[in-house]
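Per this note's numbering, the sequence shown starts with residue 28, numbered consecutively. Worksheet: the structure to be examined is printed underneath.
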Amino acid sequence: MAIQHNALDRVASVLASDHQASSDFDLNPDITLPAGRALRDAGVLMLIEEGAEGPFVYLTKRASHLKHHPGQIAFPGGKTDPADTDQIDTALREANEEIGLPRTHVKVLGQLASHETVTGFQVKPIVGLLTRPFDPILERAEVEELFRVPLHHVLNPQNFSVEGRVWNGVTRKYYAV
Numbered sequence: 028m029a030i031q032h033n034a035l036d037r038v039a040s041v042l043a044s045d046h047q048a049s050s051d052f053d054l055n056p057d058i059t060l061p062a063g064r065a066l067r068d069a070g071v072l073m074l075i076e077e078g079a080e081g082p083f084v085y086l087t088k089r090a091s092h093l094k095h096h097p098g099q100i101a102f103p104g105g106k107t108d109p110a111d112t113d114q115i116d117t118a119l120r121e122a123n124e125e126i127g128l129p130r131t132h133v134k135v136l137g138q139l140a141s142h143e144t145v146t147g148f149q150v151k152p153i154v155g156l157l158t159r160p161f162d163p164i165l166e167r168a169e170v171e172e173l174f175r176v177p178l179h180h181v182l183n184p185q186n187f188s189v190e191g192r193v194w195n196g197v198t199r200k201y202y203a204v
C-alpha cells in the first residue's frame, strides 16, 4: 500500500513545514483590492479517511440554489462565528452542521497556511483524520452532495489546471483539480 503511506507522508511533511499563505490574487495580479478591506475568518476541514485502497479526502458539492458559490466543490466549512474559539472550532462545527460529522470522530493533524479569497475571507484549512465511521447527514440547504476523492489525486500537480471565468466584469483565474 505504497500510495497510502506516500500520500499521508506528504501531508505530514507539508504540515511540518513552513508554508506560505496563498491568495486568489496569486493568479490574478490585475485585480485591485478595495481600500480598507477587512478579511473575515473562515475554516474548512480537509477530512482524510484511510481506506483499503489508500486514503481519501471528503468534498462537498454546494447546493445549486445558494446565492454564493452555487454548485461549487468545496471542503466542509464556513465563516467563523463569534462563539467559535478558533478556525479549528469553525471547521469542526461547520462539518458537523453540513455533513453530520461528529467532532469526536476527527483527529486534527494540523493546519495549512491561510488562503485569502477574492470574496473577502481568510480561510484556514484544517487537516483531520477520520477516526471512526460516520453516517453522513447532509444539510440540504447548503450541501447537495458529499463524495470522496483519492488523496493521491489531489496531491498530484499534474491533476491541476488553471481555468477562468468572468466575475464582476473581469476574467478571474483559479485552480481546478
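We treat Cβ as the ideally placed atom computed from N, Cα and C, and that holds for glycine.
Are residue i and residue j touching if we call contact CB-CB under 7 Å?
i	j	result
I126	P103	yes
A20	A140	This structure does not reach residue 20, given that the chain is present from 28 up to 204, and the question cannot be answered.
V189	V204	no
P177	F52	no
Helix, strand or coil for residue i per DSSP?
i	result
M28	Any reading at M28 must be qualified, since the residue scores a pLDDT of 38, below 50, and its modelled position is unreliable; the value itself is stated next. In the structure shown, M28 sits in coil (DSSP, three-state: anything other than H, G, I, E or B).
V41	helix
N33	helix
F7	Past the edges of the chain, shown from 28 to 204, lies residue 7, and the structure says nothing about it.
For the beta strand (DSSP E) that contains residue i, what are its first and last residues?
i	result
Q149	148–157
Excluding sequence positions up to five away, which residues of its chain have a Cβ less than 8 Å from the Cβ of residue i?
i	result
R67	K106, T107, G147, F148, Q149
P97	R89, A90, S91
Tell me which residue opens and which closes the alpha helix (DSSP H) that residue i is part of.
i	result
D113	Here D113 belongs to no alpha helix (DSSP H), and DSSP marks it neither H nor E.
V181	178–182
Less than 7 Å between C-beta atoms, sequence neighbours within five positions excluded: which residues of the same chain meet that for residue i?
i	result
F174	L86
H166	The sequence shown places Glu at residue 166, rather than the His named in the question. Once the five neighbours on either side are set aside, the close Cβ partners of E166 are E124, E125.
From residue i to residue j, what does the alpha carbon distance come to, in whole angstroms?
i	j	result
Q114	G63	23 Å
V135	D57	37 Å
E80	P184	20 Å
R120	D111	8 Å
By Cβ distance, which residues of its chain are closer than 6 Å to residue i, with the 5 residues on each side in sequence left out?
i	result
A122	L72, P103, L128
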